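*Asks:* If you count the sequence shown from 1, you need to add 1000 to reach this note's numbering. Note that CB positions come from ideal geometry on N, CA and C, so glycine has one too. Computed from a predicted model, the values in this text were never measured in an experiment.
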Amino acid sequence: MFLANADVRKVASLARLAMSEAEIETARTQLSGIFDLIAEMQAVDTQGIIPMSHAQDLSQRLREDKVTETNQRELFQSLAPQYKGSPQVEAGLYLVPQVIE
1001 MFLANADVRK VASLARLAMS EAEIETARTQ LSGIFDLIAE MQAVDTQGII PMSHAQDLSQ
1061 RLREDKVTET NQRELFQSLA PQYKGSPQVE AGLYLVPQVI E
């Protein structure tokens, strides 16, 4: 894909980048190379190829789903910040000050 220096200047302006003429030329060359690589990759026939999430066909080992910790909910709720002498907990939920009206 052909990019002109004016195209790079416009992108640099949109990105709020100050670039010298030498930097614009370098960026134009690099961006053209990137766009050429993208065009080359898009030209590859991928019809009939199943998409993969990983280059190797691997599966994750999973551990058995079982409880390994004891329930400490009451302990944690008893440690809730105190306000006017009582923890800020109601019906098993932590109460927090309203921040949005």
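If you draw a straight line from the alpha carbon of Pro-1097 to that of Asp-1065, how long is it in whole angstroms?
*Replies:* Sequence index remark: in the sequence shown, residue 1097 carries index 97 (1-based). Sequence index remark: in the sequence shown, residue 1065 carries index 65 (1-based). Those two C-alpha atoms are separated by around 36 angstroms.
*Asks:* With DSSP as the reference, label Glu-1090 as helix, strand or coil.
*Replies:* Numbered from its first residue, the sequence shown carries residue 1090 at position 90. Three-state result, Glu-1090: strand.
*Asks:* By Cβ distance below 6 angstroms, which residues in the same chain neighbour Met-1019 in space, the five residues on each side in sequence not counted?
*Replies:* Within the sequence shown, the letter at position 19 stands for residue 1019. Cβ contact annotation for Met-1019 (same chain, cutoff 6 angstroms, sequence separation greater than five): Ala-1012, in chain order.
*Asks:* Roughly how many angstroms lie between the CA atoms of Arg-1063 and Glu-1023, to the nearest whole one?
*Replies:* Numbered from 1 along the sequence shown, position 63 holds the residue referred to as residue 1063. Numbered from 1 along the sequence shown, position 23 holds the residue referred to as residue 1023. Straight-line Cα distance between these residues: approximately 53 angstroms.
*Asks:* Looking at the unbroken alpha helix (DSSP H) that takes in Thr-1029, where does it start and where does it end?
*Replies:* For this step, residue 1029 is matched to residue 29 along the sequence shown. It spans 1021–1042 - the alpha helix (DSSP H) in which Thr-1029 sits, taken as one unbroken run.
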